[in-house]
Amino acid sequence: MPRATHHHDPDWHVDGLTVGQVAERSGLAPSAIRFYDRKGLLRADRTTGNRRRFRGDVLCRVAMIGACRRVGLTLAEIHAALAALPDDRPPGPAEWQELSEHLQREAGLRIRQLQEALDELVAGAILPPSAMAGPRR
1 MPRATHHHDP
11 DWHVDGLTVG
21 QVAERSGLAP
31 SAIRFYDRKG
41 LLRADRTTGN
51 RRRFRGDVLC
61 RVAMIGACRR
71 VGLTLAEIHA
81 ALAALPDDRP
91 PGPAEWQELS
101 EHLQREAGLR
111 IRQLQEALDE
121 LVAGAILPPS
131 AMAGPRR
């Protein structure tokens, strides 16, 4: 998943972006933006013509969704993490920092779990010794 390309547009807090504009600024496909909207990960208002117009924090949310995915969170876990952010206003720096710290904890936990699995594989502790000997003849 491409990371948001903030160097192309210094203003990450533009209100009223279309799906195409969010896709262009974030480096994602328009279908991904629509998917995240349908799953409730992004917040969009609808125009009288039923077109999506995203709120000013959409690029920050897209970047955090990417970070969540890289950590290995499921869509449900991403939804829960983003649900902690305010809905009535763009999140402030402290709220983004809190989400970042949550992701750091999750990443650390997953790294430890993977290390334990690797250690078990290296030690041969996954299968009993009789299974490692192969079939009897």
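In the UniProt record's numbering, the protein residues as written are 1 to 137. Cβ coordinates follow ideal geometry from the N, Cα and C atoms, glycine included. Being a predicted model, the structure only gives us computed values, none of them experimental.
Of the residues the options, which one's Cα is nearest the Cα of residue i?
i      : options                        : result
Thr74  : Leu127, Leu41 and Pro129       : Leu41
Val58  : Thr47, Leu114, Val71 and Val14 : Val14
Glu101 : Ala81, Glu120 and Arg112       : Ala81
Cys60  : Pro93, Thr18 and Arg52         : Pro93
Glu106 : Val71, Arg53, Arg52 and Ala32  : Val71
Ile65  : Asp88, Ser26, Glu116 and Asp45 : Ser26
Gly49  : Arg55, Thr18 and Ala76         : Thr18
Asp88  : Ala123, Arg38 and Arg55        : Arg55
Spatial neighbours of residue i within its chain, please: C-beta separation below 6 Å, excluding the five flanking residues on both sides.
i      : result
Ala125 : none
I believe residue i touches residue j by the beta-carbon criterion, under 8 Å. Please report the beta-carbon distance rounded to the nearest angstrom.
i      : j     : result
Leu103 : Cys68 : 6 Å
Arg53  : Ala44 : 6 Å
Tell me which same chain residues have a C-beta within less than 8 Å of the C-beta of residue i, skipping the five on either side of it?
i     : result
Pro86 : Glu95
Leu78 : In the sequence under discussion, the amino acid at residue 78 is Ile, which differs from the Leu named in the question. Only Leu41, Ile65, Cys68 and Arg69 meet the Cβ criterion.
Gly20 : Pro30
Is it buried or exposed, residue i, if we count other Cβ atoms within 10 angstroms and call 16 or more buried?
i      : result
Ala84  : exposed
Ser111 : Looking at the sequence provided, one finds Ile at residue 111 rather than Ser. By the 10 Å Cβ count, Ile111 comes out exposed.
Leu99  : buried
Val22  : buried
Pro128 : exposed
Pro135 : exposed
Run through the DSSP bridge pairs and tell me what residue i is partnered with.
i           : result
residue 138 : This structure leaves residue 138 out entirely; the chain is present only between 1 and 137.
Arg112      : Beta-bridge pairing links Arg112 to no other residue.
Ala63       : DSSP lists no partner for Ala63.
Asp88       : Beta-bridge pairing links Asp88 to no other residue.
Leaving aside the five residues before and after residue i along the sequence, list all residues of the same chain whose C-beta is less than 7 Å from its C-beta, in chain order.
i     : result
Gly34 : Per the sequence presented here, residue 34 reads as Arg, with Gly not at that position. Contacts found: Val19.
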